[in-house]
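Residue numbers (this note's numbering): 10 to 335.
Note that the Cβ used here is the ideal one computed from N, Cα and C, for glycine as well.
Next comes the structure, spelled out in structure tokens:
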């Protein structure tokens, strides 16, 4: 492909405009507060990034197939609650408890997927209902009180939420989980047959089925994967902060969808980009961190976040239209 056409194709890609916006945001916050790019602040941003980022990977695949899951934030909160209750009150080995927590996530995802595909109810309504069920279960089980986790190192704590230093920067092992899962998701979506199936289902389900694509089975497994990744992210978070709260993850479902859409994945399905989702996750993390540093009042915090996200979505759409016309 000629260099000019390759450059034009790159500029039309959904992740390109997202990357441009991210660079502008980083520059603005760096100018507004000199501490924004300090090792301590970057370390803080990288501590939170993998947790929402891991959920966003599953949401990207699900949105590409034309569905989405509003229960991920509630699953994020319930999974570690179950794990800690089993260990602390049931005397269950932590490895077995983690497996039980993941099996619960599989069950939640399977229920979502089967109701959507077999009964034909909108994924919005199904997963909104599941959000209420799962969040209510977490609150009822704990009576609304957070559970204390382990504050001493152990194999699973280190595996999921251990930390290490690189010069002046402090990172968590969850970053390796995010990087590894991102590479796997990129391979699946861009190079594997499953990725072609996912995109085909999101573009035109009937045409995909006519070509022999098992659309319902793929969707069910994507719901399961999204739920499992949400549970894994919740366990990572609980181990990192040494506590499991029944309200953890509240609002994450909308923030994750914003990350994915801002990154360039089509909300209507058929087009997904993992690289764009990574950029979107970095963008949302930078916004949340940056507006705190520049002194946005606590009560106005969500107002500013919502307005900035809305502005970015509009700018993203305008850049895409300009690139398409050019």
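At which residues does the beta strand (DSSP E) containing residue 174 begin and terminate? Sequence index remark: in the chain shown, residue 174 carries index 165 (1-based). That run of the beta strand (DSSP E) goes 172-175.
For residue 199, three-class secondary structure by DSSP: Translated into positions along the chain shown, residue 199 becomes position 190. Three-state DSSP puts residue 199 in a helix.
Distance check for residue 269 and residue 68, CA to CA, integer angstroms please. Residue numbering aside, residue 68 sits at position 59 when the chain shown is read from its first letter. Residue numbering aside, residue 269 sits at position 260 when the chain shown is read from its first letter. The alpha-carbon atoms of residue 68 and residue 269 are separated by roughly 7 Å.
Alpha carbon to alpha carbon, how far is residue 24 from residue 288? Position 15 of the chain shown holds residue 24. Position 279 of the chain shown holds residue 288. Spanning the two alpha carbons is a distance of roughly 7 Å.
Based on the DSSP secondary-structure assignment, which residues constitute the bridge partners of residue 181? Residue 181 sits at position 172 when you count from the first residue of the chain shown. Answer is 172, bridged to residue 181.
Considering only residues of the same chain and omitting the five flanking positions on each side of residue 305, which have a CB-CB separation below 7 Å? Here residue 305 is taken as the residue at index 296 of the chain shown, counted from 1. These residues qualify, in order along the chain: 313.
Tell me whether the beta-carbon of residue 88 lies closer than 8 Å to the beta-carbon of residue 243. On the chain shown, position 79 is the one that residue 88 refers to. On the chain shown, position 234 is the one that residue 243 refers to. A contact, by the Cβ cut-off of 8 Å.
Considering only the beta carbon of each residue, do residue 271 and residue 193 sit closer than 8 Å? Locating residue 271 in the chain shown gives position 262, where the first residue counts as 1. Locating residue 193 in the chain shown gives position 184, where the first residue counts as 1. Not a contact, by the Cβ cut-off of 8 Å.
As assigned by DSSP and simplified to three states, the class of residue 74: On the chain shown, residue 74 is found 65 positions in, with the first residue counted as 1. If DSSP states are grouped into helix, strand and coil, residue 74 belongs with coil.
If you draw a straight line from the alpha carbon of residue 31 to that of residue 79, how long is it in whole angstroms? Stepping through the chain shown from its first residue, residue 31 is reached at position 22. Stepping through the chain shown from its first residue, residue 79 is reached at position 70. Using only the alpha carbons, I get a separation of about 26 Å.
Pull up the distance between the alpha-carbon of residue 104 and that of residue 92, whole angstroms please. As a first step, residue 104 is located in the chain shown; it is residue number 95 there, counting from the start. As a first step, residue 92 is located in the chain shown; it is residue number 83 there, counting from the start. Approximately 9 Å, taken between the alpha carbons.
Residue 294 vs residue 58 beta-carbon contact at 8 Å: In the chain shown, the residue the question calls residue 294 occupies position 285. In the chain shown, the residue the question calls residue 58 occupies position 49. In contact: residue 294 and residue 58 (Cβ atoms closer than 8 Å).
Residue 72 and residue 281 look like a contact to me (Cβ under 8 Å); what is the Cβ gap, rounded to whole Å? Residue 72 sits at position 63 when you count from the first residue of the chain shown. Residue 281 sits at position 272 when you count from the first residue of the chain shown. Yes, they are in contact, since the Cβ atoms of residue 72 and residue 281 sit about 6 Å apart, within 8 Å.
Span of the alpha helix (DSSP H) holding residue 151? For the purposes of this step, residue 151 is taken as the residue at position 142 of the chain shown. From DSSP, the alpha helix (DSSP H) with residue 151 extends over 132-151.
Would DSSP call residue 275 helix, strand or coil? On the chain shown, position 266 is the one that residue 275 refers to. It is coil, neither helix nor strand.
Determine which residues share a DSSP beta bridge with residue 267 and list them. The count along the chain shown starts at 1 and reaches residue 267 at position 258. DSSP output for residue 267 lists no bridge partner at all.
Leaving out five residues before and five after residue 107 in sequence, what residues of the same chain have Cβ atoms less than 8 Å from its Cβ? In the chain shown, counting from the first residue as 1, residue 107 sits at position 98. Excluding sequence neighbours, residue 107 sits near 92, 165 and 244.
Check residue 194 in the structure and name its three-state DSSP category. Reading the chain shown from its first residue, position 185 is the one you call residue 194. Residue 194 falls in the helix class under three-state DSSP.
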